[in-house]
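Some notes on the structure that comes next.
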Amino acid sequence: MAGRSGGADASGTEVSVLAPLRHRAFALLWLAATAGNIGMWVRDATSGWVMTGLAPGPVYVALVQAAAMLPVFLLSLPAGAIGDIVDRRKMMIAVQLWLAAVGLAFSGLTAAGLMTAPLLLALTFCAGIGTAMTFPVWQAVISELVPRSELRLAIALNGVGINVSRAVGPAIAGAVVATAGAASAYLIDVSAYVFGLAVLFWWPRQPTVRKHPERFGSAIRAGLRYARRHPPLQRTIVRSMLFLAFASVLWALLPAVARDQLGTGPAGYGILLGALGAGAVCGAMVMQRVRRRFGTEPMVLAGSLVYAAGVGVLALTDVFAVAFASVAVAGAAWVAVLTAMMSGAQAVLPDWVRARGLAVYRTAYFGAMTGGSILWGVIAQHWSLQIALLVVAGAGTVAALIGWLMPLPAGDQHLDAAPAWEPPPELPPGLPAGRRRALVTVEYRVPVERHAEFLALLEKLAVVRRRDGAVRWGAYVDVAEPEWIVEWFETPTWEEHLRQHQRGTVADARLQAEVQAFHIGGRPLVSHLVKVA
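If you want my numbering, it's the 1-based position in the sequence shown plus 6.
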C-alpha cells in the first residue's frame, strides 16, 4: 500500500511497512479504525449531498463540514486529557456506542422523511463529538500495540488506512445513495461501529497503572502549558494552520461544485471525493521517496503550491474529467503536506504528553478547517463558487511562500524518557503536602567570570522547568558571596513536582548536565519545600 520498504530495525535491516500487522491486536484494531473511517466518510459524504436537497446553497453545504469539525476543535484537548487518565479501552467502547446511536438516528430520520437542515447539522455535530473523542486516544493506544522499533511504521500504516477510507468511503456513499438511498448509506456507517465494538470487546488490554495519576483539570493544564512553552510544536501548528485555512475549501465546497458547477448527481460527487482520496493514497505511496530525495521543506512547499494550483484549475473548468484530475492531484498534495506536519508534531513530543500535544495540534487543525469552511462558504454564497476557489488559489500560494520562512522543526531531539538527575525525597509522615504548593531550590557555585555563560544556559533550563510543571521560576545571586547562584521554581502541588521528575527526557538530562558542569565542587545542593502557611 505504501511501498515494501518502510524503515530499518536496530540492526539496520529494512523492515516492511506492513510489519506492525503481524501483531494481532494492532491488526484488528487497525482494521476497526479503518472501517470506522470508511463509515465516517460515507456518513459525511451522504450528509453533504442530502443537504443540497434540504437547503440548496453553498453556505449550507459548507456548514455541514463546519459542524463536523467544530466539536473536534472544541473537544480534542479534553479528549486527550481523558485518554491519558482513564481506561482507554472502555473510553473507545463508549465512543463507538455513541457513534452507532448517532448513525441510527441519521438513518431513521432520513427514512421517515423527517430530516431537516437544522437536524442534519445537529446530528453532524454529535457525530463530530465522537470523532473528537476518538483521535487522541487511538493515537496514544498505537504505542501499546507494537514494539517501539515499529512505532513509526504503525503511525504510517494508520495514515494509509485513513487515506484508503478517504478514497473508498465517498465512492461507496455515492453508489449507495444513487441506488438505495441516503438512509441505507447511513446504515453502512452504523455497521462499521458494530465491527469496532466487537474488536474492542475482544481486545485483552490490561489497564496501565500510573504511579502519580493526573486529574482531569491538571492534565489539561499540563498539556496547554507544554504547548505554550514548546516553540517547535508551536511552529508546526502555525505552519499547519497556514495551509489548512485555505485547503479546507475542497472539503467544504466540493458538493456544491459537483452539483452547481459540474451538473452531476450523487454518484459523480462520490467519484470526485473518491478521486480526492485516491490521490491521497498515491501521494502517501510516493512521498517518502520524494522526501528522501528533496527534503521535507521543499516537499511541503511544492505540495502547498500544487494544491493551490489544483484548486485554481477546478475553479476554471466545467469538464468533469478535468475536475477529476485536478481534485486527484490536490489529494496527493494534501496528504504529502499534512503527513509532514503530523510527523513534525509527533517528532517533538515526548511520550508523557503525546496524546495531549497531538490534541492541541488537532484543535488548531480543525479550528483552521472550520473557520476556512465557513469563510469560503460565505464567499461562495455572496459572490460565486468560482471566486471562492480563485481566492483560495491565490491566497494559498502566498501562504505557502510565507510558510517557507518558518521551517518545520527537525525533530532530532532525544525525547526518550530519562530518570531525574536528583530523585525527590519522601514526604515526612503526617505531612499532608500532596496538594500544597511546592518550592524547589538549587544552589550552584559558579566563578563570577563565567556567570554570563552560565545564566544563558540556565535560561534554557528554565524553559524546561516551566514546560514540565513550574508555574514560577527565578535565579538569585548572593551579594555577599557572588559565586553562589540560587535557582528556584514553584509547582502548583507536590504531586505535580513528582510528575515533573517523571517527565524528563534524554535531551533535558543533557541540558541539566551542562548546567551542572559549571558548578564547583560535587553536585549542587537541592532543597524541596512545601507551603505550610
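No residue lacks a Cβ here, since even glycine has one placed at the ideal position from N, Cα and C.
Query                                                                                                                                                               : Result
If G86 and G229 are in contact, beta carbons under 8 Å, what's the gap, nearest whole angstrom?                                                                     : 6 Å
Please confirm if the region 498-513 is in contact with the region 265-275, defined as three or more CB-CB distances below 8 Å between the two stretches.           : no
With a threshold of 6 Å on Cβ separation, who are the neighbours of I526 within its own chain once the five nearest residues in sequence on each side are excluded? : R451
Hey, A273 and A181 are a contact pair by Cβ (cut 8 Å); roughly how many whole angstroms apart?                                                                      : 6 Å
I'd like the span of the beta strand (DSSP E) that includes R5, first residue to last.                                                                              : A query on residue 5 cannot be resolved here, the shown segment of the chain reaching from 7 to 539 and no further.
Start and end of the alpha helix (DSSP H) containing R265?                                                                                                          : Careful: R265 lies outside any alpha helix (DSSP H) and carries neither H nor E.
Over what stretch of residues does the beta strand (DSSP E) that includes E156 continue unbroken?                                                                   : E156 -> no beta strand (DSSP E), and no H or E assigned at all.
Please confirm whether L81 and A39 have their CB atoms less than 8 Å apart.                                                                                         : no
Using the Cα positions of V397 and S332, report the straight-line distance between them to the nearest angstrom.                                                    : 17 Å
With distances taken between CB atoms, is the gap from P530 to V448 smaller than 8 Å?                                                                               : yes
Taking buried to mean at least 16 other C-beta atoms within 10 Å of its own C-beta, is Y192 buried or exposed?                                                      : buried
Rounded to whole angstroms, what is the Cα-Cα separation between T242 and A315?                                                                                     : 23 Å
Among T511, V255, L421, M293, which one has its Cα closest to the Cα of A353?                                                                                       : L421
Pull up the distance between the alpha-carbon of C132 and that of P431, whole angstroms please.                                                                     : 47 Å
Could you give the C-beta distance for L115 and L60, rounded to a whole number, given that I count them as a contact under 8 Å?                                     : In fact, because the Cβ distance is near 11 Å, the residues do not count as touching under 8 Å.
May I have the straight-line CA-CA distance separating R10 from T376, to the nearest angstrom?                                                                      : For R10, the predicted model reports a pLDDT of 30, less than 50, meaning its position is unreliable and no value from the coordinates is stated.
Should F207 go down as buried or exposed, given a rule of 16 or more other Cβ atoms within 10 Å for buried?                                                         : exposed
With distances taken between CB atoms, is the gap from V341 to A286 smaller than 8 Å?                                                                               : yes
Going by Cα to Cα distance, which pick from G309, A334, F300, M348 is closest to W257?                                                                              : A334
Of the choices G269, A107, T140, A251, whose alpha-carbon is the least far from that of A394?                                                                       : A251
Pop quiz: A339 and G309 are said to be a contact at Cβ under 8 Å. What is the actual Cβ separation, rounded to whole angstroms?                                     : 4 Å
For V325, which three-state DSSP category applies?                                                                                                                  : coil
Closest by CA to R368, which one among S190, A204, L239, G269?                                                                                                      : L239
Inspect the CB distances between the region 517-526 and the region 467-483 and report whether three or more fall short of 8 Å.                                      : yes
Below 8 Å on the Cβ atoms is my guess for Y199 versus L105; work out the distance and round it to an integer in Å.                                                  : 5 Å
Pull the bridge partners of V6 from the DSSP assignment, please.                                                                                                    : Since the first residue shown for the chain is 7 and the last is 539, residue 6 is missing from the structure and cannot be characterised.
If you check the beta carbons only, do V174 and W55 fall under 8 Å apart?                                                                                           : no
Go to E496, then tell me how far its beta strand (DSSP E) extends in each direction, as first and last residue.                                                     : 490-497
Let me check understanding here. Comparing Cα to Cα, which of V454, A424, A31, A513 lies closest to Q212?                                                           : A31
DSSP state of R221, grouped into three classes?                                                                                                                     : coil
Decide if A462 is buried, meaning its Cβ has at least 16 other Cβ atoms within 10 Å, or exposed.                                                                    : exposed
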